[in-house]
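Numbering (this note's numbering), first residue to last: 1 to 127.
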């Protein structure tokens, strides 16, 4: 395996068994328990999105697709935009972005760059 695949596997493993997502310990059972009702739904939704991104990252690495260094990075774009917004507005923007509340971002920060959505918002469609 190449280093990118190994790193993607580590990232995916770190996302499993976090919050309300549990993988049982039985080998090859392939059972995942979704216990998101136990926690704060907004946090759990963010964890689900992170887990989905980790699966995509691993699949891309296995297929040999371009690495994240050459693709737009929504997290970097979101942080850069938040810093431009200032302390209170920037923190609120990052909170909404982290929770996957892209509808609120579209409404409250229509000037946010397209890059904050690419790869982060599953409903994003290019402008």
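Here a beta-carbon is modelled for each residue, glycine too, at the ideal position from N, C-alpha and C.
This one's a predicted model, so the numbers in the text were calculated from it and none came from an experiment.
Nearest to residue 112 by CA position, among 99, 123 and 83, is which residue?
83
Could you give the DSSP three-state label for residue 50: helix, strand or coil?
helix
Look at the alpha carbon of residue 85 and the alpha carbon of residue 49, and state the distance between them as a whole number of angstroms.
24 Å
Under the assumption that residue 54 contacts residue 12 (Cβ atoms under 8 Å), give the Cβ distance between them as a whole number of angstroms.
4 Å
Look at residue 57 and residue 8 and say whether their C-beta atoms are less than 7 Å apart.
yes
Spatial neighbours of residue 61 in its chain, beta-carbon cut-off 7 Å, leaving aside the 5 residues before and after
Excluding five sequence positions before and after residue 61, the CB atoms of its chain that fall closer than 7 Å to its own CB belong to 4, 5 and 8, given in chain order.
C-beta atoms of residue 116 and residue 88 nearer than 7 Å:
no
In the structure shown, what three-state DSSP assignment does residue 105 receive?
It is helical.
Note down, in chain order, each residue of its chain lying with its Cβ closer than 6 Å to the Cβ of residue 98, except the 5 sequence neighbours on either side.
46
Under 8 Å by Cβ, that's how I've got residue 74 and residue 104 pegged, so tell me the actual separation to the nearest angstrom.
The pair is not a contact, with the Cβ atoms about 16 Å apart (cut-off 8 Å).
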